[in-house]
Amino acid sequence: MAATGTSANNTTLLNGTSATCFILNDPPEVVLTHKISLYSCMLFVVVGVIGNALSIVVFTNKNMRTMSSNTYLLALAFSDSLYLVSVFFADVLKNLKCFYFPAIPLDVVNNSSVVCQLSQYFLDLFSDYSTCLILVFTIERFIAVYLPVRFKQLCTLRRARITCIGVFAVIASFIAPYHVLYMGLYTDELGRVYNYCSIKGVEYERPFMILYVTESVLFRIVPVFAIAVVNVFIIVRVTRVSREHRKRIAASGKPNKRTRKEEKNLQLTIMLILVSTSYVLLYLPVLVTFVIDYLKRSEAIEISQHDMLMASDYTRALYVSGFAINFFLYTISGRVFREQLQLILHCTRGRDDRNGYVKSTAETDALTCKHSGDR
744 MAATGTSANN TTLLNGTSAT CFILNDPPEV VLTHKISLYS CMLFVVVGVI GNALSIVVFT
804 NKNMRTMSSN TYLLALAFSD SLYLVSVFFA DVLKNLKCFY FPAIPLDVVN NSSVVCQLSQ
864 YFLDLFSDYS TCLILVFTIE RFIAVYLPVR FKQLCTLRRA RITCIGVFAV IASFIAPYHV
924 LYMGLYTDEL GRVYNYCSIK GVEYERPFMI LYVTESVLFR IVPVFAIAVV NVFIIVRVTR
984 VSREHRKRIA ASGKPNKRTR KEEKNLQLTI MLILVSTSYV LLYLPVLVTF VIDYLKRSEA
1044 IEISQHDMLM ASDYTRALYV SGFAINFFLY TISGRVFREQ LQLILHCTRG RDDRNGYVKS
1104 TAETDALTCK HSGDR
């Protein structure tokens, strides 16, 4: 979380009215990393929201709603989008004000305690939720490749929907109390309130950090390691199944109905492996930085604050990218997703094209689009 652990160490940098732009006091090389992180996050927010919106359109198509895995991917697209929107309000607007628009009150999170609490709450909520969704569909893929006979019985659409709602409710209720109690505009020992979204005061730092670390372990760190371990088992199994699949095709000379179904399931598994593995790889640098910062605070190691700030900027930008790239992973590795996307875009383009096609082509396209939505 962007504001965590900021209050006490930055008290000397706060002025009487605003503390939003103390980052401008950093050395030039650190300011440069702040700007690189800002530009990167802006790019990821724009690209990610558009990509996730397209993913939502595809996964809400009737053809795609029949699989439980797509229920998780639909929820993930919503969660990723809302996380990116939270990043925009909590980080991007704040830094835009500091670097380019000092006279415009863009940093809404630093002007209201309620907005501060909500922005940090949503950042953590949707970060945790996306992580847990990835863990859930990774476990589902594990069941699909190791227990294919029982898969349809165990992994139903109804259970997927209940799981999505249940996981969200657990995370939302767990992290809400301490965000409300301990987050807000920073207040010093004399009771002066500063326009800076952080932990409310020095006395709240310890209980907040205990609960925040607990949250991180339960909803991020443990799930990430579980995803990595489960993926290893899935990859081992998929490699073996893929080898047998190729042998069957070579023996029969052409794919039959069974081999086509296996190929479709294999492509789905590979796509989900790419999504979960990319998330793990992009989260690990953040985890390493978090551990190093903890060791630094406990004086177990010595490292300059400037180096930590630079590392934090780069690793956070990488982490944010993980919420923006899933659409591209689906498009590259998912044939069914790609076909549905092409069909939807083709139908939309056909309806919006003022010049139109020849009559017979237009009628054929309209019929294809109608049937694709009714299946």
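Numbering-wise (the numbering used here), the sequence shown opens with residue 744 and increments by one.
Glycine included, every Cβ here is placed at the ideal spot set by N, Cα and C.
These figures come from a predicted structure and were not determined experimentally.
Is residue 768 helix, strand or coil when you go by DSSP? Mapped onto the sequence shown, residue 768 falls at position 25. In the structure shown, the three-state DSSP call for residue 768 is helix.
Range covered by the beta strand (DSSP E) that runs through residue 1053: Taking the sequence shown and counting its residues from 1, one reaches residue 1053 at position 310. Per DSSP, residue 1053 belongs to no beta strand (DSSP E); it is in the alpha helix (DSSP H), 1048–1064.
Quick check on the DSSP output: the alpha helix (DSSP H) that includes residue 906 runs from which residue to which? Within the sequence shown, residue 906 is the residue found at index 163, counting from 1. In the DSSP annotation of this structure, the continuous segment of the alpha helix (DSSP H) that includes residue 906 starts and ends at 900–925.
Could you spell out where the beta strand (DSSP E) holding residue 1041 opens and where it closes? Against the sequence shown, residue 1041 aligns to sequence position 298. The continuous stretches of beta strand (DSSP E) do not include residue 1041, and DSSP gives it neither H nor E.
Could you tell me whether the segment 902–916 touches the segment 1028–1042, where touching means 3 or more Cβ pairs closer than 8 Å? The segment 902–916 vs the segment 1028–1042: no contact.
Which whole-angstrom value is the C-beta distance of residue 872 and residue 911, which I expect to be below 8 Å? Counting from 1 along the sequence shown, the entry for residue 872 is found at position 129. Counting from 1 along the sequence shown, the entry for residue 911 is found at position 168. Their Cβ separation, rounded to whole angstroms, is 6 Å, which keeps residue 872 and residue 911 in contact under 8 Å.
Contacts around residue 811, its chain only, beta-carbon distance under 8 Å, and the 5 residues preceding and following it disregarded: Taking the first residue of the sequence shown as position 1, residue 811 is located at position 68. When the five nearest sequence neighbours on each side are left out, the beta carbons in the same chain lying within less than 8 Å of the beta carbon of residue 811 are those of 883, 898, 899, 900, 902, 903, in order along the chain.
Mapping DSSP to helix, strand and coil, what is residue 872? Mapped onto the sequence shown, residue 872 falls at position 129. Residue 872 sits in a helix when the DSSP states are folded into three classes.
Within a Cβ cutoff of 6 Å, which residues of the same chain sit near residue 1097, ignoring the five residues on either side of it in sequence? Here residue 1097 is taken as the residue at index 354 of the sequence shown, counted from 1. Model confidence at residue 1097 stands at a pLDDT of 48, short of 50, so the residue's coordinates are unreliable and nothing is read from them.
On the premise that residue 801 lies in contact with residue 1085, defined as a C-beta separation below 8 Å, what is that separation, rounded to the nearest angstrom? Translated into positions along the sequence shown, residue 1085 becomes position 342. Translated into positions along the sequence shown, residue 801 becomes position 58. About 10 Å separates the CB atoms of residue 1085 and residue 801; that is not less than 8 Å, and the two are not in contact.
Buried or exposed: residue 1109, going by 16 or more other Cβ atoms within 10 Å of its Cβ? Indexing the sequence shown from 1 puts residue 1109 at position 366. In this prediction, residue 1109 has a pLDDT of 44, which is less than 50 and means its spatial position is unreliable; what the coordinates show is noted afterwards. Taking a 10 Å sphere around the C-beta of residue 1109, we find fewer than 16 other C-beta atoms and assign the residue as exposed.
Residue span of the beta strand (DSSP E) that contains residue 942, given as start and end: Here the question's residue 942 lines up with position 199 in the sequence shown. From DSSP, the beta strand (DSSP E) with residue 942 extends over 936–942.
Evaluate residue 880 with the Cβ neighbour count: other Cβ atoms within 10 Å of its Cβ, from every protein chain shown; 16 or more gives buried, anything less gives exposed. If you number the sequence shown from 1, residue 880 lands on position 137. Residue 880 counts as buried, since no fewer than 16 other beta carbons sit within 10 angstroms of its beta carbon.
Cα separation between residue 745 and residue 933? Here residue 745 is taken as the residue at index 2 of the sequence shown, counted from 1. Here residue 933 is taken as the residue at index 190 of the sequence shown, counted from 1. At residue 745, the pLDDT of 41 sits below 50, so the modelled position is not reliable; the number obtained from the coordinates is stated separately. Between residue 745 and residue 933, the C-alpha separation is close to 25 Å.
Considering only residues of the same chain and omitting the five flanking positions on each side of residue 770, which have a CB-CB separation below 7 Å? One-based indexing of the sequence shown puts residue 770 at position 27. Within the same chain, residue 770 has close Cβ partners 1049.
With a threshold of 6 Å on Cβ separation, who are the neighbours of residue 1061 within its own chain once the five nearest residues in sequence on each side are excluded? Along the sequence shown, one-based indexing puts residue 1061 at 318. Answer for residue 1061: 1025, 1028, listed in chain order.
Starting from residue 894, trace the alpha helix (DSSP H) in both directions and tell me its first and last residue. Position 151 of the sequence shown, counted from the first residue, corresponds to residue 894. 891–897 is the extent of the alpha helix (DSSP H) around residue 894.
Reduced DSSP secondary structure (H/G/I, E/B, other) of residue 933: Counting from one through the sequence shown, the residue named residue 933 turns up at place 190. Coil.
Buried or exposed: residue 1041, going by 16 or more other Cβ atoms within 10 Å of its Cβ? For the purposes of this step, residue 1041 is identified with residue 298 of the sequence shown, where counting begins at 1. By the C-beta density criterion, residue 1041 is exposed, having fewer than 16 other C-beta atoms within 10 angstroms.
Alpha-carbon to alpha-carbon, residue 887 and residue 944: One-based indexing of the sequence shown puts residue 944 at position 201. One-based indexing of the sequence shown puts residue 887 at position 144. Going by the C-alpha atoms only, they are around 49 Å apart.
Distance, residue 1069 Cα to residue 764 Cα: One-based indexing of the sequence shown puts residue 764 at position 21. One-based indexing of the sequence shown puts residue 1069 at position 326. Cα to Cα, residue 764 sits roughly 33 Å from residue 1069.
Does the segment 820–838 touch the segment 848–868, meaning 3 or more C-beta pairs lie closer than 8 Å? The segment 820–838 and the segment 848–868 touch, with three or more beta-carbon pairs separated by less than 8 Å.
What does DSSP give as the partner residues of residue 1015 in its beta bridges? By one-based count along the sequence shown, residue 1015 stands at place 272. For residue 1015, DSSP assigns no beta-bridge partner whatsoever.
Please return the same chain residues whose Cβ sits closer than 7 Å to the Cβ of residue 773, not counting the five positions on each side in sequence. Position 30 of the sequence shown, counted from the start, is the residue given in the question as residue 773. Closer than 7 Å at the Cβ level, and outside the excluded window around residue 773, lie 1049, 1052, 1053.
So, with DSSP's three-state summary, where would you put residue 721? This structure cannot speak to residue 721, because the chain is shown only from 744 to 1118.
What whole-angstrom Cβ distance do residue 925 and residue 947 have, given they're in contact under 8 Å? One-based indexing of the sequence shown puts residue 925 at position 182. One-based indexing of the sequence shown puts residue 947 at position 204. With 8 Å as the limit, residue 925 and residue 947 qualify as a contact, their Cβ atoms being about 4 Å apart.
Considering only residues of the same chain and omitting the five flanking positions on each side of residue 869, which have a CB-CB separation below 7 Å? Within the sequence shown, numbered from 1, the residue matching residue 869 stands at position 126. Listed in chain order, the non-local C-beta contacts of residue 869 below 7 Å within the same chain comprise 822, 825, 826, 829, local neighbours out to five positions each way being set aside.
Going by Cα to Cα distance, which pick from 790, 783, 982, 1065 is closest to residue 889? To locate residue 889, count along the sequence shown from 1; it is residue 146. If we check each option's Cα against that of residue 889, 982 comes out closest.
Need the endpoints of the alpha helix (DSSP H) that residue 946 sits in, please. Residue mapping note: residue 946 aligns to position 203 of the sequence shown, counting from 1. Premise fails: residue 946 is in no alpha helix (DSSP H) and is neither H nor E.
Among the candidates 1044, 1090, 1021, whose CA atom is the shortest distance from the CA of residue 874? Indexing the sequence shown from 1 puts residue 874 at position 131. Answer by Cα proximity: 1021.
From residue 792 to residue 1013, what does the alpha carbon distance come to, in whole angstroms? The count along the sequence shown starts at 1 and reaches residue 792 at position 49. The count along the sequence shown starts at 1 and reaches residue 1013 at position 270. The alpha-carbon atoms of residue 792 and residue 1013 are separated by roughly 24 Å.
If we ignore side chains and look at the alpha-carbon of each, how far apart do residue 780 and residue 1057 end up? Position 37 of the sequence shown, counting from 1, holds the residue named residue 780. Position 314 of the sequence shown, counting from 1, holds the residue named residue 1057. About 6 Å.
Could you give the C-beta distance for residue 1018 and residue 1072, rounded to a whole number, given that I count them as a contact under 8 Å? Your numbering for residue 1018 matches position 275 in the sequence shown. Your numbering for residue 1072 matches position 329 in the sequence shown. About 5 Å; that satisfies the 8 Å criterion.
Buried versus exposed, by CB contacts within 10 Å (16 or more), residue 838: Counting from one through the sequence shown, the residue named residue 838 turns up at place 95. With 16 or more other Cβ atoms within 10 Å, it is buried.
Once you ignore the five residues that flank residue 1016 on each side, which residues in its own chain have a CB closer than 7 Å to its CB? For the purposes of this step, residue 1016 is identified with residue 273 of the sequence shown, where counting begins at 1. Shown here for residue 1016: same chain residues with a beta carbon closer than 7 Å to its own, the five before and five after excluded, namely 974, 977, 978 in chain order.
Take the Cβ of residue 840 as the centre, count every other Cβ of all protein chains shown within 10 Å, and call the residue buried at 16 or more, exposed below. In the sequence shown, counting from the first residue as 1, residue 840 sits at position 97. Around the beta carbon of residue 840, 16 or more other beta carbons lie within 10 angstroms, which makes this residue buried.
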